[in-house]
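Written below as structure tokens is the structure these notes are about.
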Amino acid sequence: MRCDLLRFKIARMNFIQIPNRKKDKIFYYYDLGGRGKGQRPATGIFTYIKPKDQIQKNHNKEARLILETKKSQFIIESQAVGTPYMPQHKFRDNFLDYFAEYVKLNRKNDNRHLSCCFTKFKCFVGKSFISPIEITENFCKRFRQYLLDQLTGETPQNYFARFKWAIEAATRDKYFLVNPTNKVSAIANPSIALKDNLEADEYISLLGTPCCNEDVKAAFTFSLYTALRWVDVKHLKWSDIKEGVLVTRIIQRKTGKPLVLTLHTIALRIIEQQRKKQAVMPQGNDLIFHLPTANGANKILGEWIKKAEINKKITWSCARLSFSILLQDERVDEATVANLLGHTTTTQVRKTYKRHRLKPQTEAINVLPTLVDVPLAQPQYKQTQKMKYVYNYSLKQAK
Numbered sequence: 000m001r002c003d004l005l006r007f008k009i010a011r012m013n014f015i016q017i018p019n020r021k022k023d024k025i026f027y028y029y030d031l032g033g034r035g036k037g038q039r040p041a042t043g044i045f046t047y048i049k050p051k052d053q054i055q056k057n058h059n060k061e062a063r064l065i066l067e068t069k070k071s072q073f074i075i076e077s078q079a080v081g082t083p084y085m086p087q088h089k090f091r092d093n094f095l096d097y098f099a100e101y102v103k104l105n106r107k108n109d110n111r112h113l114s115c116c117f118t119k120f121k122c123f124v125g126k127s128f129i130s131p132i133e134i135t136e137n138f139c140k141r142f143r144q145y146l147l148d149q150l151t152g153e154t155p156q157n158y159f160a161r162f163k164w165a166i167e168a169a170t171r172d173k174y175f176l177v178n179p180t181n182k183v184s185a186i187a188n189p190s191i192a193l194k195d196n197l198e199a200d201e202y203i204s205l206l207g208t209p210c211c212n213e214d215v216k217a218a219f220t221f222s223l224y225t226a227l228r229w230v231d232v233k234h235l236k237w238s239d240i241k242e243g244v245l246v247t248r249i250i251q252r253k254t255g256k257p258l259v260l261t262l263h264t265i266a267l268r269i270i271e272q273q274r275k276k277q278a279v280m281p282q283g284n285d286l287i288f289h290l291p292t293a294n295g296a297n298k299i300l301g302e303w304i305k306k307a308e309i310n311k312k313i314t315w316s317c318a319r320l321s322f323s324i325l326l327q328d329e330r331v332d333e334a335t336v337a338n339l340l341g342h343t344t345t346t347q348v349r350k351t352y353k354r355h356r357l358k359p360q361t362e363a364i365n366v367l368p369t370l371v372d373v374p375l376a377q378p379q380y381k382q383t384q385k386m387k388y389v390y391n392y393s394l395k396q397a398k
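Every letter in the sequence shown is one number past the one before it in numbering that gives the first Met the number 0, and letter 278, counting from 1, is 277.
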């Protein structure tokens, strides 16, 4: 009875009209039959009380038409509750709009896979409009292959997994009768070539070599000693450095607090040098490093590496790898390395941020147990009559 009464009120729903402080406009709110929180949501529409010209009169006319449309849509939505029917106005004809809204509502600050997946999806589609009916199983397979052709490692797998999340949500919202990605799994694209890393002596060599861009040199060296990615060091602010530690953007699930990393002496010296370079006292939101684009920075980095006579292909991502490998060479346990890299598990440390150092074979086999001062027994052979006959026969053949 109560539910029926509520539906009857909604069916006769009107808008509450509230004038603003200047008494020149009226703002409209939904009247849902109560005065509690959320029972009078704003429509975002207003009309002029005394329109001064034709423009304001036209505004009032169109605003009232929009209010009638909103009222009709709201009533249909309330009547569809508890039924499998989805009102047509709830659908977005352009799936890119749906995907964009899904990204906005579900992305996390410490994980950019979803937003990057949407960027790659737009590049793959290559147009500003795509209908949900165009997204078939074969379309999803082509998008997966596009990611595999464009990206390496686990990145295409992570991106396609986020795409599957969006498609699953759209399926629940009645955009698809059957999820087109059900039989299309997310797969990785392992890189055949191992990425180069810097050794300890190359660290020293690089630090002693001048660079044409001091901010690039300082920022890359900071990454070598903190394992920060390019995107993190580029947006690093003075407010992220507090009392000699780095407060990262990574939120720990267990504590709900940001991951805090202790800074190496070299990293602290770089921070102090950057502070002295500022003409005025830096503010909390000011950037520590003023860097060019990623491509520009890697180009400068390549020239610096070449000048240091290091015959390796080093990009900014190699700093993170070098940090991990050198720590593991000094027998720092995987759990600690993973924590310093900002990972919650050691999986990536074992799979990506590790190199197996092969020892010389002689050094390796010498660790096997050895008998000392014990002569080896000489083998004893017993000559049979058959062997003697064969030997004599062979001599005769030779003569």
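Idealized CB from N, CA, C, for every residue including glycine.
Assigned secondary structure, residue i (DSSP; H/G/I helix, E/B strand, else coil)
| i | result |
| --- | --- |
| Ala41 | strand |
| Asn53 | It is worth fixing the name first, because residue 53 is Gln in this sequence and not Asn. Helix at Gln53. |
| Leu267 | helix |
| Gly152 | strand |
| Val259 | strand |
| Phe94 | helix |
| Val244 | strand |
| Thr68 | helix |
| Ile74 | helix |
| Thr345 | coil |
| Ser238 | helix |
| Met386 | Only weak support is given to the placement of Met386: the predicted model assigns it a pLDDT of 48, under 50, and the question is left unresolved by the model. |
| Pro18 | strand |
Endpoints, alpha helix (DSSP H) assigned at residue i
| i | result |
| --- | --- |
| Lys24 | No alpha helix (DSSP H) contains Lys24, which is instead part of the beta strand (DSSP E) from Lys24 to Tyr29. |
| Phe322 | Ser316 to Asp328 |
| Ile304 | Ala293 to Lys306 |
| Asn13 | Premise fails: Asn13 is in no alpha helix (DSSP H) and is neither H nor E. |
| Asn402 | Residue 402 is absent from the structure shown; the chain starts at 0 and stops at 398. |
C-beta contact flag for residue i and residue j at 8 Å
| i | j | result |
| --- | --- | --- |
| Val246 | Pro257 | yes |
| Ile48 | Ile17 | no |
| Thr42 | Leu66 | yes |
| Thr314 | Leu300 | yes |
| Asn157 | Lys236 | no |
| Ala168 | Tyr101 | yes |
| Arg319 | Glu333 | no |
| Phe175 | Lys233 | no |
| Lys119 | Gln144 | no |
| His112 | Arg39 | no |
| Ile129 | Leu95 | yes |
| Asn59 | Thr68 | no |
| Ser321 | Val336 | no |
| Phe73 | Tyr27 | no |
| Asp239 | Leu290 | no |
| Ile309 | Glu201 | yes |
| Gly152 | Ser114 | no |
| Gln273 | Ala217 | yes |
| Lys298 | Ile304 | no |
| Phe117 | Phe98 | yes |
| Ala307 | Trp229 | no |
| Cys317 | Asp195 | yes |
| Ala62 | Ile44 | yes |
Proximity test, residue i beta-carbon vs the ligand COA heavy atom, cut-off 7 Å
| i | result |
| --- | --- |
| Pro50 | As far as ligands go, the structure on display features none, and thus does not contain the ligand COA. |
Could I get the ranges of all uninterrupted alpha helix (DSSP H) runs contained in the stretch 173 to 235, with 4 residues as the minimum, in chain order? Fully enclosed alpha helix (DSSP H) runs of 4 or longer: 199 to 206, 213 to 225 and 229 to 233.
Give the list of continuous alpha helix (DSSP H) stretches no shorter than 4 residues that lie fully inside the stretch 96 to 169. If we require 4 residues or more, the alpha helix (DSSP H) runs fully inside the stretch 96 to 169 come out as 112 to 124 and 136 to 149.
Taking contact to mean at least 3 C-beta pairs separated by less than 8 Å, is the stretch 224 to 235 in contact with the stretch 262 to 274? Yes: the two stretches touch, three or more of their Cβ pairs being nearer than 8 Å.
With a cut-off of 8 Å, do at least 3 Cβ pairs link the stretch 201 to 220 to the stretch 179 to 191? With a cut-off of 8 Å, the stretch 179 to 191 and the stretch 201 to 220 do not count as touching, because too few Cβ pairs lie within range.
Just checking, does the stretch 194 to 209 make contact with the stretch 155 to 174 on the three C-beta pairs under 8 Å criterion? No, the stretch 194 to 209 is not in contact with the stretch 155 to 174.
Counting Cβ pairs closer than 8 Å, one from the stretch 174 to 183 and one from the stretch 134 to 142, do we hit at least three? Short answer: they touch.
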